[in-house]
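Numbering-wise, the numbering used here comes out as the position in the sequence shown, counting from 1, plus 3.
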Amino acid sequence: MEPENHYWHNLSAEKTAEVLEVDIDKGLSEKKVTLRQRKFGPNSLPEKKPLSQIQIFLEQFRSILIYILIVSGIITLILKEWTDMVVIFFAVILSTVVGYIQENKASNALRELKKVLKVKAICIRDGKEKQVLQKDLVPGDIIILKAGDKVPADGRIIKSSNLRINEAPLTGEWLTAAKHSRFLRKEIPIADRENMVYMGTIVEQGEGKVIVTGTGLNTEIGRVALLIRETREEKTPYQKKLSYFSGIVGILIIFVCFFIFLEGLIKGRGFIEMFTTAVAVAVASIPEGLPVAMTVILALGMQRILKKKGLVRKLSAAETLGSTSIICTDKTLTLTQGKMEVSQVKSQNKTSCMKIAVLCNEAFIENPESPRKSWKIIGRPTDKALLVFGEKMGLSKLKLEKKLPKIDEIPFNSQNKFIATLRQDKKENLLFVSGAPEKIINLSSKILEKNKERIINKTKSLKLKQELEKLTGQGLRVIAVAYGKTKETKLKKKNISNLTFVGLIGLKDPLRKDTKKAVGICIKAGMKPIIVTGDHLLTALAVAKELGLDVKEENVIQGKDLDKLSYREFQKRINQIYVYARVEPRHKLRIIQAWQNKKEVVAMTGDGINDAPALKKADIGIAFGSGTDVAEEVSDLVLLNDNFSVIVAAVEEGRSILNNIRKVITYLLSDTFTEIILVGVSIMAGFPLPITAVQILWVNLIEDGFPSIALAFEPKEKGLMNQKP
Numbered sequence: 004m005e006p007e008n009h010y011w012h013n014l015s016a017e018k019t020a021e022v023l024e025v026d027i028d029k030g031l032s033e034k035k036v037t038l039r040q041r042k043f044g045p046n047s048l049p050e051k052k053p054l055s056q057i058q059i060f061l062e063q064f065r066s067i068l069i070y071i072l073i074v075s076g077i078i079t080l081i082l083k084e085w086t087d088m089v090v091i092f093f094a095v096i097l098s099t100v101v102g103y104i105q106e107n108k109a110s111n112a113l114r115e116l117k118k119v120l121k122v123k124a125i126c127i128r129d130g131k132e133k134q135v136l137q138k139d140l141v142p143g144d145i146i147i148l149k150a151g152d153k154v155p156a157d158g159r160i161i162k163s164s165n166l167r168i169n170e171a172p173l174t175g176e177w178l179t180a181a182k183h184s185r186f187l188r189k190e191i192p193i194a195d196r197e198n199m200v201y202m203g204t205i206v207e208q209g210e211g212k213v214i215v216t217g218t219g220l221n222t223e224i225g226r227v228a229l230l231i232r233e234t235r236e237e238k239t240p241y242q243k244k245l246s247y248f249s250g251i252v253g254i255l256i257i258f259v260c261f262f263i264f265l266e267g268l269i270k271g272r273g274f275i276e277m278f279t280t281a282v283a284v285a286v287a288s289i290p291e292g293l294p295v296a297m298t299v300i301l302a303l304g305m306q307r308i309l310k311k312k313g314l315v316r317k318l319s320a321a322e323t324l325g326s327t328s329i330i331c332t333d334k335t336l337t338l339t340q341g342k343m344e345v346s347q348v349k350s351q352n353k354t355s356c357m358k359i360a361v362l363c364n365e366a367f368i369e370n371p372e373s374p375r376k377s378w379k380i381i382g383r384p385t386d387k388a389l390l391v392f393g394e395k396m397g398l399s400k401l402k403l404e405k406k407l408p409k410i411d412e413i414p415f416n417s418q419n420k421f422i423a424t425l426r427q428d429k430k431e432n433l434l435f436v437s438g439a440p441e442k443i444i445n446l447s448s449k450i451l452e453k454n455k456e457r458i459i460n461k462t463k464s465l466k467l468k469q470e471l472e473k474l475t476g477q478g479l480r481v482i483a484v485a486y487g488k489t490k491e492t493k494l495k496k497k498n499i500s501n502l503t504f505v506g507l508i509g510l511k512d513p514l515r516k517d518t519k520k521a522v523g524i525c526i527k528a529g530m531k532p533i534i535v536t537g538d539h540l541l542t543a544l545a546v547a548k549e550l551g552l553d554v555k556e557e558n559v560i561q562g563k564d565l566d567k568l569s570y571r572e573f574q575k576r577i578n579q580i581y582v583y584a585r586v587e588p589r590h591k592l593r594i595i596q597a598w599q600n601k602k603e604v605v606a607m608t609g610d611g612i613n614d615a616p617a618l619k620k621a622d623i624g625i626a627f628g629s630g631t632d633v634a635e636e637v638s639d640l641v642l643l644n645d646n647f648s649v650i651v652a653a654v655e656e657g658r659s660i661l662n663n664i665r666k667v668i669t670y671l672l673s674d675t676f677t678e679i680i681l682v683g684v685s686i687m688a689g690f691p692l693p694i695t696a697v698q699i700l701w702v703n704l705i706e707d708g709f710p711s712i713a714l715a716f717e718p719k720e721k722g723l724m725n726q727k728p
C-alpha cells in the first residue's frame, strides 16, 4: 500500500478502500493503525528551527565593506593605534546594530502551518466512533466531518450530505466548494476535485464520511510546507546592487592600498609608516556613513508607505518596490471586492424574477430594524447578493413571506442543484424554484413572456441556452428561476416538473473602486500587471477585460496547460501571457522564476497557505491583511486594506526611496574620492600624511553623516510614475 502514488479522485470510494485495505463500515483495527503510524509517521509537519538572536546579529557582518573595516581595525590594534581602532570598530558596531534591529524578524511560516494541525478528529476504528488527536491519523482511517470542523487530513469522500467546504487557504477559490463522492477524471486540478477534502480547509455546511488518503508531508498542505522550506529567499535588487557595488569598491581599495604601500617602500619609506598610510587610505575609501543614511531613508519610506495602508516587514523591501517591473496579482480581494453582487437580470418580468429569487433564499437579515448600512446578513454569498438586490428593488423578504407563507421546502444541495419552496396563495399553492440554469431549463415546459405563459419550443430553448452561454462567457455566476402551480401541500422532488421559466440572474465579484485606475497607472509606469488566480478561466478573463487589459486567447493559460510547456516554450510565450487561471502553488513558483530569469523584478500577491512559497520566492511578496498568518510571515509587504491601489502607492514611494539613495551615494562617494586623492597624491609627492585615519572617520561619520541623513528627507519628485522602473 503506497497511498501517495494514487490519483484518489480518479478512483471510486470502494476502490480507494480496497487500495488502502480498509473496511468502509468498520474502519481500521488498532493493530493496523499502530503499524501504519510506524510506517507513515505522525500526521504533522516538521518545524524549522528559527535563527537565534546571535545568528541574526552575525548575519549583519556579511558585507565586503564591513570585512574591510574589521581588517583595518585589527591592523590598527596590532599597530597599537588605539584611537583609530576604537573609531573604526565603532563604525562597524553602529552599522551592524542598525541592521540587526531592522532585520530581527525570523520566519515563522512552518510554525504557523503546524497550528493548522492542532485539532482533534472523529474517526471509526474497530467499528466504533472515537475522537483522536489529528497527529495520530493514518492513511486508511475513516473520519466523520461536520459543519465547523477543520479537515484533519487529505481524504476521498465516501458519502456526503449537502457538504460544502471553504478551500480558499489552499486553492484561492473564495466560494465554498460543493462536495460529492462521484468518480472524476484524472486530469482535473485540485480546485475542481469535488470528491476530495484537504487538510487545513474548513467545513462550512453539511456532513461527510471520508477515507484518509494522505497525512503529514503527503498532504497538499504538506507539499506546500516542503516548497516553503526548499524555496530560496532571493536577495532584493538593492542587496544585489549593494553587494556588487561593495565588491567593486573593495577591489579598488585593495589595489590602491597595495599600490601606495609598494610605492612608499620603493621610495625608501619605513614598513610601519607605509602600512599605517595604507590603512588610512583604506579607511578614506569606505563611506562609513552610507549604512546609517540608507537605514534612515528606508525607515522613512516604510513610514510613508504605512500611512497609505501598506506595512513593510523588511527594510530592504521598501527600496525593492521602486524597482518592480512585474506585478503578479491574485483576483479575489485584491482586484475585486470578494463578495457577490447581482450584475444582470435577463427576464421579461424582472420583478417576478427577483421575487422568486428572494423567496427561494436561505439568507436572512439578522437586524432588519437597523439602517440598511448596518445590516448583518447571514447566508451563502449568492443568497446574500440576491437578498440585497431584492431589497433595493423594494422586495422585502419579510413582507413577501407574510404575504406568501411557506408550506414546505426542499433545501439546496449539490445533488439536486436547486432549492424549491412551496408557498400558500389565496387561490392555490405556488411552487418557486431557483438553481443551476441547466437544471431549471430541463424542469420547465413553459416560459414567461410579456406576462403570458408560452410553450418552450426548440427555438425558445436554443435562445435560452445562447443567453446562458453569453452570461457565463462574461465570467458571471448564473442562476435561473421558475415557478409552478399545484394543489399539493407536501413537496416531493419527483413532482417538481412542468415549471414556467421566468429568467436568468448573473452575479459577479465586482472590481474595487480604484482598481482600474491603479492598473492603468502601473502600465503607464512601465510595469506589467499579470492576473494569477485559482479561479475559473472565464471569471479571470472577464476581470482582465473589465480592467481594460487587451486580452485575447493567446494571452491566457490554465495551470494544466502550463504543465505541458517545456522550459524553452514557456520562456518564449511568457511575454504574451497576461492571465493565469486554475493555478496551483508550483505554477506560481514557475511563473516567478521565469520572469526572474529574464532579469525582471517580480512582485507577487497572495493570502492563502498555498501562496506562501511564491511570496517567499518573489522579489517582493505582498500579503493581504485579511489573509493567513503563513502568508504574512513570508511576505515583505502586507496590505492592511487588501487593495491593489496600495501596491501602486507603495511602488511610487519605493521609487522616491531609490532617488534619495542615489543622491546619498553620489554625495558620500564624492567626499570619499576626494580623501583618496588627497592622501594618495601627498604620498606620491613626498609630503607628510595630510589627514589621519581618525580624522577621516570623523569626516565620514559625523561631518558627512548629518548632511547625508538630511538627503533622506528630500521630497518626492514629480512624474515618478511616468518613468520606467
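Backbone N, C-alpha and C fix where the C-beta goes; we use that ideal spot for every residue, glycine too.
By the Cβ neighbour-count rule, M199 is buried, with 16 or more other Cβ atoms within 10 Å of its own. Taken through DSSP and simplified to helix, strand or coil, Y583 comes out as strand. Counting the other Cβ atoms within 10 Å of the Cβ of W11 gives 16 or more, which makes it buried.
G217 sits in a strand when the DSSP states are folded into three classes. Counting only runs of at least 4 residues, the region 298-342 fully encloses the following alpha helix (DSSP H) elements, listed from N- to C-terminal order: 320-323.
Comparing alpha-carbon positions, the option among I699, L338, K18, E404 lying closest to T216 turns out to be K18. A distance below 8 Å separates the beta carbons of I27 and I145. Considering only E190, V154, L187, the residue with the shortest C-alpha distance to Q208 is V154. Linking E322 to F258 through their CA atoms gives a straight-line distance of about 31 Å. A156: not part of any beta strand (DSSP E); DSSP gives it neither H nor E. Within 10 angstroms of the beta-carbon of W85 lie fewer than 16 other beta-carbons, which makes it exposed. DSSP, reduced to helix, strand and coil, places E207 within a strand of the structure shown.
With fewer than 16 other Cβ atoms from the protein chains shown falling within 10 Å of its own Cβ, Q134 counts as exposed. Approximately 20 Å separates the beta-carbon atoms of A615 and A584; this is outside 8 Å, ruling out the contact. Boundaries of the alpha helix (DSSP H) harbouring S673: 647-687, taken from the DSSP string.
With a cutoff of 8 Å on beta-carbon distance, K527 and M724 are scored as near each other. Sequence-distant Cβ neighbours of H539 in its own chain, meaning closer than 8 Å and more than five residues away, are G478, A584, R585. Distance from the CA of S164 to the CA of L23, rounded to the nearest whole angstrom, comes to 24 Å. Ranked by Cα distance from P142, the first of D129, L31, V227, T174 is L31. For the options P414, L398, F415, the alpha carbon positioned closest to that of L407 is the one of L398. In the DSSP assignment, M607 falls outside any alpha helix (DSSP H) and within the unbroken beta strand (DSSP E) covering 605-609. In the three-state DSSP reduction, K519 falls in the helix class (H, G or I). In the DSSP annotation of this structure, the continuous segment of the alpha helix (DSSP H) that includes G476 starts and ends at 461-476. Partner residues in the beta bridge of C126, as assigned by DSSP, are K133, I146. A residue is called buried once 16 or more other Cβ atoms fall within 10 Å of its Cβ, and Q306, having fewer, is exposed. Annotation for D386: the continuous alpha helix (DSSP H) segment containing it runs 384-395.
Secondary structure of K455 (DSSP, three-state): strand. Three or more beta-carbon pairs separated by less than 8 Å are not found between the region 498-509 and the region 567-577, which leaves the two stretches without contact. Residues I300, L301, G304, A321, E322, G325 of the same chain have their beta carbon placed closer than 7 Å to that of I660, with the five preceding and five following residues left out of the count. Below 8 Å, enough C-beta pairs join the region 464-477 and the region 437-444 to call them touching: three or more. Straight-line spacing of the CA atoms in I191 and D386 works out to 28 Å. Around the C-beta of G689, fewer than 16 other C-beta atoms lie within 10 Å, and the residue is accordingly described as exposed.
Here DSSP, grouped into helix, strand and coil, assigns F415 to coil. 8 Å or more divides the Cβ of L433 from the Cβ of A423. When the beta-carbon positions are compared, G537 and T204 stay at least 8 Å from each other. Cα atoms of P691 and D674: separation of roughly 21 Å, rounded to the nearest angstrom.
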